[in-house]
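Number of protein chains: 2
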Amino acid sequence: MFEQINANVTKCTTFSQEELNIFDALLVSKTYPKKTFLLQEGEVCNFEAYVVKGCARTFYIDDNGFEVILQFAIEDWWISDIASFNDQTPSRLFIETMEDCQLLLLAPQTKEDLLFRVPKFERVFRMMIQRNLSATQNRLIGNIAQPAQERYLAFLKKYPTISQRIPQHYIASYLGISPEFLSKIRAKIARK
Amino acid sequence: MFEQINANVTKCTTFSQEELNIFDALLVSKTYPKKTFLLQEGEVCNFEAYVVKGCARTFYIDDNGFEVILQFAIEDWWISDIASFNDQTPSRLFIETMEDCQLLLLAPQTKEDLLFRVPKFERVFRMMIQRNLSATQNRLIGNIAQPAQERYLAFLKKYPTISQRIPQHYIASYLGISPEFLSKIRAKIARK
DNA sequence: AAAATCCATTGAACTAGATTAAGAAATGAT
DNA sequence: ATCATTTCTTAATCTAGTTCAATGGATTTT
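Just so you know, the protein sequences line up as chains Y and R, in that order. Going by the working numbering, the first sequence opens with residue 160, and the numbers climb by one from there. Going by the working numbering, the second sequence opens with residue 160, and the numbers climb by one from there.
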């Protein structure tokens, strides 16, 4: 069960089998059915979760009830509210499974423990958050500078498998457009 | 000259005078005139800069020459291209002073050095990047969910001093709207 | 102090995308 | 199988924001 996550963290730095064993022993495996909330607004996020199998989304609901999707996570992605997790403050986000999921969970104290025992993991988590920041910046730029159709095509290119697995209106929400307009874009693309 | 930055990093964790001395000794102070490029697309970012005095901006130019401002930095902010700095890869961003600036610079190797000698600084930099991620996420959400006028008012509230100091079209670029439209929003607000 | 450049405003014409409403297709539940 | 719910599409109308162009005010530059 751990080969997958071990291979993944080894992409950042090399670890000895010893170190990976410590890591694996600290992870907790859990499964959740489709449409389960892993986190709701107001709760403190007590996990960083590695997706072994399945698919989830992080989203935000604004004052008017309008939903914005911040992240999709499929196999080999991490999902969490990093700010809430690290500072142990109430979250403004929701995290919900979109398929049955198997996750490997790391609790705050356990993470501390890991970093203390295998400091090299600092690097893994720093890279994670850095990549997240870069991706979010790129998305912000795209949202400002590109029209919806280009953003959609870029999404398909970047996440070819995700777009097969999830309802289309989630993609619209991620792109920051209405589901109706996404439908029109698709019709227009198909016509060619 | 260092009281300012020392007070600032002390907000995250407490440091002994000893530790702060090590930190200060590794910083390089430089001044730059207005409209100087600290970083240009294609270059590898070799600094994380703390703004002692002055004002700078980070921006991106897309394929059509369209400019998007990612960050403003005034006194007590850090400015850098974190991804380029950490991975020593070419940057896609520009960083330019908007006023005469005094900066305290940290080079990649020097930062390594600092983290090795005073590991507690890991926390300072982790908090920095985390705050950056949260801010970028909030901006993305705002850009998707809020109309331009609300974003502008939120900007004024969040950065009351910045809006006094910089040309208005930069604010428009930050908000993701045309300068003309910002002008109209302002006229509408003033009319009330 | 004049010239040159940059900056902000205004208005008219236009467009990308939202909203509303309705029906069709797909998926799930009993 | 069928009923219900969710999802996708299409079309009409509407609006927030863009683009273009013209003007006057500020700043720099010489």
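Even for Gly, the Cβ is constructed at its ideal location relative to N, Cα and C. As the structure is a computational prediction, the values presented were derived from the model and not from experiment.
At least one CB of chain Y lies nearer than 8 Å to the CB of Asp221(R). Considered as a whole, the segment 263-346 of chain R harbours 267-276, 280-304, 307-317, 321-324 and 327-334 as its complete alpha helix (DSSP H) runs of no fewer than 4 residues, in chain order. Relative to the Cα of Ala232(Y), the nearest Cα in the group Val210(Y), Ala331(Y), Tyr219(Y) and Lys351(Y) belongs to Val210(Y). Under the three-pair Cβ rule at 8 Å, the segment 244-261 of chain Y does not count as touching the segment 251-262 of chain R.
In this structure, the beta-carbon distance from Phe206(R) to Ala266(R) falls below 8 Å.
With a threshold of 8 Å between beta carbons, Asn245(R) makes contact with chain Y. For Ser188(Y), the enclosing beta strand (DSSP E) covers residues Val187 to Tyr191. Among the residues facing chain R, Leu341(Y) is not included, as its CB has no counterpart in that chain under 8 Å away.
In this structure, the CA atom of Ser322(Y) is about 13 Å from the CA atom of Leu341(Y).
About 35 Å separates the Cβ atoms of Asp221(R) and Ala166(Y), ruling out a contact at the 8 Å cut-off.
Exposure of Arg350(Y) is indicated by the presence of fewer than 16 other C-beta atoms within 10 angstroms of its C-beta.
At a Cβ-Cβ threshold of 8 Å, Leu263(Y) and Ala208(Y) count as neighbours. Neighbourhood of Gln289(R) in chain Y, by CB distance below 7 Å: Ile241, Ala242, Asn245 and Ile288, in chain order. Counting along the chain, the unbroken alpha helix (DSSP H) around Phe244(Y) starts and ends at Ile241 to Asp246.
Against chain R, the beta carbon of Leu299(Y) has neighbours under 7 Å at Thr295, Arg298, Leu299 and Asn302, listed in chain order.
Chain R has no Cβ within less than 8 Å of the Cβ of Val283(Y).
In the DSSP annotation of this structure, the continuous segment of the alpha helix (DSSP H) that includes Glu162(R) starts and ends at Glu162 to Val168.
With contacts defined as CB atoms closer than 8 Å, Leu334(R) and Ala307(R) qualify as a contacting pair.
Contact between Gln199(Y) and Thr217(Y) fails: their C-beta atoms lie close to 12 Å from each other, not under 8 Å. Here the alpha carbons of Leu292(R) and Asn291(Y) stand approximately 8 Å from one another. For Gln199(R), the three-state secondary structure derived from DSSP is coil. The straight-line gap separating the alpha-carbon atoms of Arg310(R) and Thr269(R) is approximately 38 Å.
It is roughly 7 Å from the alpha-carbon of Tyr329(R) to the alpha-carbon of Ile228(R).
For Leu292(Y), the neighbours in chain R by C-beta distance under 7 Å run, in chain order, Ile241, Ile288, Asn291, Leu292 and Thr295. DSSP, read as helix, strand or coil, puts Arg216(Y) in strand. Here the alpha carbons of Gly201(Y) and Ser337(R) stand approximately 36 Å from one another.
Residue contact check for Leu229(Y) against chain R: a CB pair falls below 8 Å. At a cut-off of 8 Å, the C-beta of Gly213(Y) has no neighbouring C-beta in chain R. Contacts with chain Y at 8 Å (Cβ-Cβ) do not include Gly224(R). Around the beta-carbon of Arg282(R), fewer than 16 other beta-carbon atoms lie within 10 Å, marking it exposed. Val168(Y) sits buried, since 16 or more C-beta atoms from the chains shown fall within 10 Å of its C-beta. Per the DSSP secondary-structure output, Cys260(R) pairs in a beta bridge with Tyr191(R). Separation of Met287(R) and Ala346(Y) (C-alpha to C-alpha, rounded to the nearest whole angstrom) is 44 Å.
Under the three-state reduction of DSSP, Glu178(R) is assigned to helix. Cβ-Cβ separation between Gln176(R) and Ala242(Y): approximately 31 Å, too far for a contact (criterion under 8 Å).
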